[in-house]
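Below is one structure, written out as structure tokens, with a few remarks after it.
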Amino acid sequence: MTETRSAAQTLTVHTGDDQTIIGGYLITYDPYDVHDGLDHGGWVEQVSRHALPEHNDTAVPLHIRGEPAGTATLHLVRRGLFLEAHLATDDIPGGTNVPNEATLTITVDQDDTHDEGVRAIRRLTIHQVDL
């Protein structure tokens, strides 16, 4: 079953005459609140450092405002999973005003849920990134 998650941080978007560069962390290894955390009926998740080995230096479909916009490259780095995309400015759906908030479509392939409301994600697959 697929799930959606917000990116770990706001992405940076640099638009030039010919090219738009998008970058930022989609996932970090720090714990984060889902659905406003434990105090509001949600939970806490933490992605394992070993959950994403297939995603190092791989391409993933990138959508902007629901329209295909090419691919982004994912890099595993010390802090988490970093997205980098170089897009021809003329090819960006809806013009050059690119959103800097990202949503990931994922499948959690392996996880453990603890009584304290903490979900440890051991392995996941990223299907696409939407801005």
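Following the numbering used here, the numbering of the sequence shown begins with 352 at its first residue and continues without gaps. We treat Cβ as the ideally placed atom computed from N, Cα and C, and that holds for glycine. Predicted model only: the values in this text are computed from it and were never measured.
Residue from L403, T379, V395, D387 whose Cα sits closest to the Cα of T464: What you label residue 464 is simply residue 113 of the sequence shown in a count that begins at 1. The candidate whose alpha carbon is nearest that of T464 is V395.
Residue range of the beta strand (DSSP E) that E396 falls in? Against the sequence shown, residue 396 aligns to sequence position 45. Counting along the chain, the beta strand (DSSP E) containing E396 begins and ends at 394-398.
Are the Cβ atoms of L389 and G468 separated by less than 7 Å? Indexing the sequence shown from 1 puts residue 389 at position 38. Indexing the sequence shown from 1 puts residue 468 at position 117. Yes, these two residues count as a Cβ contact at 7 Å.
Leaving out five residues before and five after Q317 in sequence, what residues of the same chain have Cβ atoms less than 6 Å from its Cβ? Since the first residue shown for the chain is 352 and the last is 482, residue 317 is missing from the structure and cannot be characterised.
Tell me where the beta strand (DSSP E) around V490 begins and ends. Since the first and last residues shown for the chain are 352 and 482, residue 490 lies out of range.
If you reduce the DSSP assignment to three classes, tell me which class T355 lands in. In the sequence shown, the residue the question calls residue 355 occupies position 4. In the displayed model, T355 falls within a strand according to three-state DSSP.
According to the Cβ coordinates, are L427 and L403 closer than 7 Å? Residue mapping note: residue 427 aligns to position 76 of the sequence shown, counting from 1. Residue mapping note: residue 403 aligns to position 52 of the sequence shown, counting from 1. Yes.
Burial state of T371 (16 or more Cβ within 10 Å): By one-based count along the sequence shown, residue 371 stands at place 20. Counting Cβ neighbours within 10 Å, T371 comes out buried, since at least 16 surround it.
Limits of the beta strand (DSSP E) - the one that H414 falls within: As a working note, residue 414 is residue 63 in the sequence shown. It spans 409-415 - the beta strand (DSSP E) in which H414 sits, taken as one unbroken run.
When you compare only the Cα positions, how much space is there between D441 and H386? As a working note, residue 441 is residue 90 in the sequence shown. As a working note, residue 386 is residue 35 in the sequence shown. Whole-angstrom Cα-Cα distance: 36 Å.
E467, DSSP secondary structure in three states: The sequence position of residue 467 within the sequence shown is 116, counting from 1. E467: coil per DSSP, three-state reduction.
Quick check: what's the CA-CA separation for A453 versus T422? Reading the sequence shown from its first residue, position 102 is the one you call residue 453. Reading the sequence shown from its first residue, position 71 is the one you call residue 422. A453 and T422: Cα-Cα distance of roughly 14 Å.
Have a look at D384, T353, Q479 and flag the residue whose alpha-carbon is nearest the alpha-carbon of G392. By 1-based counting over the sequence shown, the position of residue 392 is 41. That would be D384, whose Cα lies nearest to the Cα of G392.
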